[in-house]
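Notes to accompany the following structure.
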Amino acid sequence: MDSPVSVKVYYHGKVLLQTPEGVQFVCRNPCTFAVPFTISFEELNGAICQSIDSPRSKKVTSILYRHPLLIFGGFIQFQTMYITDEASMQKMFSIYHQVQSQVSVIELYVEFKQLPLVVEEPDPIKEWEGYNSESEEEFDSNYEIVDSNEGRDHVYSTRLTLSQNHSKLNSDTIAEAIKSLVKADPSLKIEEVQSRFNYMISYRKAWLAKQKSIEKVFGGWKSSYEVLYTWFEAMCQKEPSAAVEFESIIPYDGNKIAPDVRIFNRVFWTFYPCLRAFKHSKPIVQVDSTNLCGKYKGTLLVAVSQDGNQNIVPIAFAIVEGETSDAWYFFLSRLRKHVVTRDGVGLISNQHDSIKSAIARSNGAWEPPRAFHMFCIRHIASNFLRRFKVPSLQKLVVKIGSSKTMREYNMRYQKLHEQGEIYTEWLDKIPRSQYALAFDEGYRWGCMTTNLVECINSVLKGVRNLPVTALVKETFNRLNELFTRKRAEAERAAGNIQVNCLDMQNEIFEVREIPIGVEYRVNLRQCRCDCGDFQVDRIPCLHVFATCANQHLDWQVYVNEVYRLDEIRKVYRARFRPLGDPTTWPVYQGPRMIPNPTFKRVCIGHPKKPRRCRICGGNGHRCSRCPQDVGSSRGGSVASAPY
44 MDSPVSVKVY
54 YHGKVLLQTP
64 EGVQFVCRNP
74 CTFAVPFTIS
84 FEELNGAICQ
94 SIDSPRSKKV
104 TSILYRHPLL
114 IFGGFIQFQT
124 MYITDEASMQ
134 KMFSIYHQVQ
144 SQVSVIELYV
154 EFKQLPLVVE
164 EPDPIKEWEG
174 YNSESEEEFD
184 SNYEIVDSNE
194 GRDHVYSTRL
204 TLSQNHSKLN
214 SDTIAEAIKS
224 LVKADPSLKI
234 EEVQSRFNYM
244 ISYRKAWLAK
254 QKSIEKVFGG
264 WKSSYEVLYT
274 WFEAMCQKEP
284 SAAVEFESII
294 PYDGNKIAPD
304 VRIFNRVFWT
314 FYPCLRAFKH
324 SKPIVQVDST
334 NLCGKYKGTL
344 LVAVSQDGNQ
354 NIVPIAFAIV
364 EGETSDAWYF
374 FLSRLRKHVV
384 TRDGVGLISN
394 QHDSIKSAIA
404 RSNGAWEPPR
414 AFHMFCIRHI
424 ASNFLRRFKV
434 PSLQKLVVKI
444 GSSKTMREYN
454 MRYQKLHEQG
464 EIYTEWLDKI
474 PRSQYALAFD
484 EGYRWGCMTT
494 NLVECINSVL
504 KGVRNLPVTA
514 LVKETFNRLN
524 ELFTRKRAEA
534 ERAAGNIQVN
544 CLDMQNEIFE
554 VREIPIGVEY
564 RVNLRQCRCD
574 CGDFQVDRIP
584 CLHVFATCAN
594 QHLDWQVYVN
604 EVYRLDEIRK
614 VYRARFRPLG
624 DPTTWPVYQG
634 PRMIPNPTFK
644 RVCIGHPKKP
654 RRCRICGGNG
664 HRCSRCPQDV
674 GSSRGGSVAS
684 APY
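Quick note: the sequence shown uses my numbering, first residue 44, plus one each step.
See the structure below:
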C-alpha cells in the first residue's frame, strides 16, 4: 500500500464505448505520473493539472476511471466509473489492487471546465466571417487572434469568447459543432453540451441544439416513422426468417378514412440470429422496459436470455405506447409466437400489474406447465422498503429469496419473522415459487433479478434518444457486433473441453468437507446435492467433482447441455445479413406511416420559445414595451415629440 502507483491520464481526446474490449480511452499525448495510495482527492486533481502543460487544464470537471471486469471464461471487458470524491477514489484504489495482475496502471480520462470550441476548417478566419454582426465593435471584442509562437514562424489560433447575448451562436451553430459528440453518444447530457463552450449557453438552446444535431445525424423525428416500414421490409427480404409485426391506427378525416395514411401504434421485431440463439440458450426469459427520450413518447420493451457461458442473449424488442396491459400482451404474445416456442420456460419480470394482467390474458401460454412466471427479487426488496421504510431488513428479504435450500430459507425467514410478524405477512402474499430460489423447481436457473435486461443497456447505450428508425437500426448493428464478438470468443475456446455422454448407473454418495466437518449427500441419478448448487445451476458443484474423481466417473456427463461448448457456439452461429444500399430495397407500396400525434411531448419538460427584447436582451416582453426604451410608457405607447 505504501509503494506509488502509475497513473496514465488521457485528455482532449475521445472515450470509445463500443470496442471489442469494452470502453477505451484515446488521445494524442497521454501523460503518466506516479501517486501514493495516501493521496487525497484534492491532491489528485492538483497532480493532474501539473502534469498537463496547457493553459486550458486548470479546473478538472470530471475524472473517468477505466477498469477491467472479469467475465466468465477468463475474458475481460473494460468498464468505467466516475471519480468524484474521496470515497470513489478509495474504491478506485481497491479495484486496482484486485486487478493489478491484469492492468498495471490506473487509466483516467479527464475533462476540464472551459474547453474552447474547436474549428476544424483550414481557414478559421474565413469560417467565422459569415457570423459577423452589423456591429464592427462587437466583432472585434468577441474574436481575437493570438500569437501562440512568438519570435518564430507565426501560428495562429482562434479563441472564441462570445458575449452572453450574441445572436449568431444559435442552436443551429451549436448543433453543427456537436455532431461528432452526438454521433458517438446520442445520450449526451445537456450539461455536457453547455460545458463545451466558453460561453454559458442556456439549457433551452443546448436542448434544441442536441435535438437538431440528432436529426442531422440520424434523420428527422417525424420522417423516421415513414421509413420504418421500408427498413423492416428490406430486412425481411434479406432474411425471411426474421419476425416483424406492426399495429397501426386508421386515421379519420371527419367521417371519412384518410387514404394511404396509418398512425403508428406498436411494432414487435426480432432478428433471425436471435431466433436461432434462443434454441441453444437456457430456457429462461427476462423482460423489462425503458422509456424513449426523443420528440415522441414511447416505451422500448426488451426480452433477453442467457447462454451456457453466462452471456446475455437479446432475443426480441418492441416499441409501444407505454407499460399498459395491452402493450405487454402485444409483446408477450408475439414473443411466444415467434421466439419462445418451447415449453417449461421461466419468465422473470418485475411485479407490474400490467405484466400480470397480460399473462392472465395469454390463454395459458405464459402459465404452468408451459411457462413459470417469477419475480425479480431486487424489485420485491424495493417494494418492501417502500412499504415499511426499514433499510436494515431489505437485504434480509434478498437473502430469503436467494436461499438455495429450504433449510437456509426457513432460517432466514424466521429471522424476518422475529423482527415483526407484519413483515412475513407481507412476504407471504407472494407465492414462494415466484420469489424464492429454494422453491422455484429449477426454472430460474439461478437468475434472481432482471439484471440481464438492464445489462443489455450497455450494448444499446443511447438508442432510446434516437428517432424510431435509427433506434431499430442500432439494435441491428450493435447486436451484429455482439454476436460477431461472442462467436469469435466461442471459437477461440473450442477444443478446451471434450464432452462424452456415457450410459451408467448413478448412486448416492456422502461427501464430507474435512476442514469444517460438514457432510453433504450427493445423488448423481437425480442430479442433486445438499449444498443446492448442483440442482440450481445444472452444473457439477465441488462435491460432485469430488465424487466423480473418487469413483472414476466422467463429471461432464452431469453438465447440462446448455453449458456445452458446441451449444454455446450454436447460439451465435447464425449471422446478420447486410441490407445493402437503400436503392436496391424493394419499393414500398403500402400506406404512409406517421407518428401518433398524441404521443408528441408537449409542455412539461420541454422548452417554450420566450419573447426576447431586441433592446435590452431580456425575456418576457417585446421591444415596444421595453422599460429601457426612451419615451416608452407602462402602457407601451410612445409619445411623439416635435423636433
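Even for Gly, the Cβ is constructed at its ideal location relative to N, Cα and C.
- With fewer than 16 other Cβ atoms from the protein chains shown falling within 10 Å of its own Cβ, R657 counts as exposed.
- Counting the other Cβ atoms within 10 Å of the Cβ of D331 gives 16 or more, which makes it buried.
- I138 is not a Cβ neighbour of M132, given a cutoff of 8 Å.
- Annotation: T81 is outside any beta strand (DSSP E) and is labelled neither H nor E by DSSP.
- By the 16-neighbour rule on beta-carbons within 10 angstroms, H140 is exposed.
- Between the alpha carbons of R564 and M454 lies a distance of about 20 Å.
- Non-local C-beta neighbours of F289 in its own chain, meaning closer than 6 Å and more than five positions away in sequence, comprise V310, ordered along the chain.
- Buried is the label assigned to Y272, since at least 16 other Cβ atoms lie within 10 Å of its Cβ.
- DSSP, read as helix, strand or coil, puts S245 in coil.
- One alpha carbon belongs to F373, the other to L343, and they sit about 13 Å apart.
- Taking C-beta separations shorter than 8 Å and ignoring five residues to either side along the sequence, the partners of R404 in its chain run S368 and Y372, following chain order.
- Sixteen is the threshold: since fewer than 16 other Cβ atoms of the shown chains lie within 10 Å of the Cβ of N334, the residue is exposed.
- CA-CA distance, M449 to N426, rounds to 24 Å.
- Around the beta carbon of V148, fewer than 16 other beta carbons sit within 10 angstroms, so the residue counts as exposed.
- Per DSSP, the continuous beta strand (DSSP E) segment holding N566 begins and ends at V561 to N566.
- For T333, the enclosing beta strand (DSSP E) covers residues I327 to N334.
- In chain order, V52, V103 and V153 place their CB closer than 7 Å to the CB of I91, counting only its own chain and leaving out the 5 sequence neighbours on each side.
- DSSP, reduced to helix, strand and coil, places K265 outside both helices and strands of the structure shown, so it counts as coil.
- DSSP, reduced to helix, strand and coil, places D296 within a strand of the structure shown.
- Beta bridge pairing from DSSP links Y54 with V153.
- Cβ-Cβ distances below 7 Å link E366 to S332, T342, H395 and S397 in the same chain, with the five nearest sequence neighbours on each side left out; the list follows chain order.
- The beta-bridge partner set that DSSP reports for N520 is empty.
- Between the alpha carbons of A220 and A513 lies a distance of about 21 Å.
- Burial of N393 is indicated by the presence of at least 16 other C-beta atoms within 10 angstroms of its C-beta.
- Distance from the CA of G262 to the CA of A346, rounded to the nearest whole angstrom, comes to 27 Å.
- Excluding sequence positions up to five before and after R421, its CB lies within less than 8 Å of the CB of V441, M491, T492, T493 and N494, all in the same chain and listed in chain order.
- When the beta-carbon positions are compared, G407 and P326 stay at least 8 Å from each other.
- In this structure, the alpha-carbon of F314 lies about 14 Å from that of T527.
- When the Cα atoms are used, I402 and Q353 turn out to be separated by approximately 27 Å.
- Here R528 is not bridged, per DSSP, to any residue.
- Taking C-beta separations shorter than 7 Å and ignoring five residues to either side along the sequence, the partners of D303 in its chain run P634 and R635, following chain order.
- Counting along the chain, W312 sits inside the beta strand (DSSP E) bounded by residues V304 to T313.
- Note: Q67 is bridge-paired with L59 in the DSSP secondary-structure output.
- Under the 10 Å beta carbon count, P474 is surrounded by fewer than 16 other beta carbons and is classified as exposed.
- With respect to the 8 Å criterion, Y478 and F418 are classified as neighbours on the basis of their beta carbons.
- Annotation: P79 to K438 spans about 36 Å, alpha carbon to alpha carbon.
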